[in-house]
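Asker:
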Amino acid sequence: MTLSDPTAAPTPESPLIRVDIGEVKLATRVLEGGAGVLLFIHGSFDDHHTWLPLTRALAGTGHTMVVYDRRGHSASTDVAGQGTIHSDVDDAARLIEHLGLGRVHIVGHSYGAAVGVLLAAKHADLVSSLYLHEPPAFALLAGRPELDELREQTGVVARESVALLAAGRVEEGTAYFMEEMAFGAGSWNDLFDDQARATMVANADTWLDQSRDPERLAMDVTALNAFDGPVTFSVGSRTLPAFSASTAEILRLVPEASGVTIEGAGHGAPTSHPEELAAAIRHHLDST
Numbered sequence: 230m231t232l233s234d235p236t237a238a239p240t241p242e243s244p245l246i247r248v249d250i251g252e253v254k255l256a257t258r259v260l261e262g263g264a265g266v267l268l269f270i271h272g273s274f275d276d277h278h279t280w281l282p283l284t285r286a287l288a289g290t291g292h293t294m295v296v297y298d299r300r301g302h303s304a305s306t307d308v309a310g311q312g313t314i315h316s317d318v319d320d321a322a323r324l325i326e327h328l329g330l331g332r333v334h335i336v337g338h339s340y341g342a343a344v345g346v347l348l349a350a351k352h353a354d355l356v357s358s359l360y361l362h363e364p365p366a367f368a369l370l371a372g373r374p375e376l377d378e379l380r381e382q383t384g385v386v387a388r389e390s391v392a393l394l395a396a397g398r399v400e401e402g403t404a405y406f407m408e409e410m411a412f413g414a415g416s417w418n419d420l421f422d423d424q425a426r427a428t429m430v431a432n433a434d435t436w437l438d439q440s441r442d443p444e445r446l447a448m449d450v451t452a453l454n455a456f457d458g459p460v461t462f463s464v465g466s467r468t469l470p471a472f473s474a475s476t477a478e479i480l481r482l483v484p485e486a487s488g489v490t491i492e493g494a495g496h497g498a499p500t501s502h503p504e505e506l507a508a509a510i511r512h513h514l515d516s517t
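As numbered in my numbering, residues 230 to 517 make up the sequence shown, in order.
1. Just tell me which of Ser475, Leu324, Ser487 has its CA closest to the CA of alanine 256.
2. Please report whether the beta-carbon of alanine 433 lies at a distance below 9 angstroms from any beta-carbon of chain D.
3. Which two residues bound the contiguous beta strand (DSSP E) that contains isoleucine 246?
4. Around the C-beta of glycine 497, are 16 or more other C-beta atoms found within 10 angstroms, so that it is buried, or is it exposed?
5. Go ahead and pull the three-state DSSP assignment for alanine 321.
6. For asparagine 432, which residues in the same chain have their Cβ closer than 6 angstroms to its Cβ, ignoring the five residues on either side in sequence?
7. By how many angstroms is the C-alpha of alanine 366 removed from the C-alpha of glutamate 444?
8. Do you know how far the Cα of aspartate 298 is from the Cα of aspartate 304?
9. If you draw a straight line from the C-alpha of threonine 461 to the C-alpha of isoleucine 491, how long is it?
10. Identify which residue in Gly331, Arg398, Gly488, His315 has its Cα closest to the Cα of tyrosine 340.
11. Glycine 337: which of Ser358, Ala353, Gly331 sits nearest, CA to CA?
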């Protein structure tokens, strides 16, 4: 598709289409802005709407922007059986190929950032660069005695979240996860509006399935040392300690990657600080 406005960005008014990639259909919004493509991959409990403030802030970069709901999220379809992170990776690759996007710049958030890492490792021919905000690489905290408490804390929160959701206490389990694992105390009521809370509750079952994925910790960041494109990892200056520590470990293991701090932001930078995140992404794109 070709749109007339080269400064356009995906908005709720952009056509939402389901792209049939074979096993599932992915709800997708596309606006063309010129050469180069940014593909945005959202995190857990979420959908493509989380990217709209950021895509508006990136309008005028001259890039086509593509946002979509991962399988099992919101308007996308799913299949029966245990999902895996590799299914999400293959979905992104098939979406790129189906839409004829060529090599794309991946912008990933949280679990979507982990998908981006594996996509670059498995389908390097489809990826020009990576900009990733706070992937949950908590497995990297293992083996570091000074980080043992942090790693144990993430495990406790994950197990309690699973228990609440599996018991049918969906809103309670979702709110607990958001406050204890991702965004901090008080965030459920103070940071999110009714629509955001409803989206997270609606996608809780997909996270529950994800939590049981035996491959969910398969993100080997050292594979990026063989990737030939620019890689940037960002972290919010006000994020929770587990994300700060795991991002620092990633940068230690991938020395050629760039590290960026988004001042004033936490884990939810794409929606809370879109202008600041957009400035960091522009700088990243300038390096490609």
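C-beta: ideal position from N, C-alpha, C; glycine also. Quick caveat: nothing in here was measured; it's all calculated off a predicted structure.
Answerer: So, to answer that:
1. Here residue 256 refers to the residue found at position 27 of the sequence shown. Cα-wise, what sits closest to alanine 256 is Leu324.
2. Among the chains of the structure shown, chain D does not appear; only one protein chain is present.
3. Residue mapping note: residue 246 aligns to position 17 of the sequence shown, counting from 1. Where isoleucine 246 is concerned, the enclosing beta strand (DSSP E) stretches over 246 to 249.
4. On the sequence shown, residue 497 is found 268 positions in, with the first residue counted as 1. The residue is buried, with at least 16 neighbouring Cβ atoms inside 10 Å.
5. Taking the first residue of the sequence shown as position 1, residue 321 is located at position 92. Correct three-state label for alanine 321: helix.
6. Taking the sequence shown and counting its residues from 1, the one referred to as residue 432 is at position 203. Answer for asparagine 432: Phe274, His302, listed in chain order.
7. Taking the first residue of the sequence shown as 1, we reach residue 444 at position 215. Taking the first residue of the sequence shown as 1, we reach residue 366 at position 137. Cα-Cα distance, rounded: 13 angstroms.
8. If you number the sequence shown from 1, residue 304 lands on position 75. If you number the sequence shown from 1, residue 298 lands on position 69. The sequence shown places alanine at residue 304, rather than the aspartate named in the question. Approximately 7 angstroms between the Cα atoms of the pair.
9. Against the sequence shown, residue 461 aligns to sequence position 232. Against the sequence shown, residue 491 aligns to sequence position 262. Cα to Cα, threonine 461 sits roughly 12 angstroms from isoleucine 491.
10. Locating residue 340 in the sequence shown gives position 111, where the first residue counts as 1. Residue His315 is the option with its Cα nearest to tyrosine 340.
11. For the purposes of this step, residue 337 is taken as residue 108 along the sequence shown, with counting starting at 1. Selected option, being the one with the closest Cα: Ser358.
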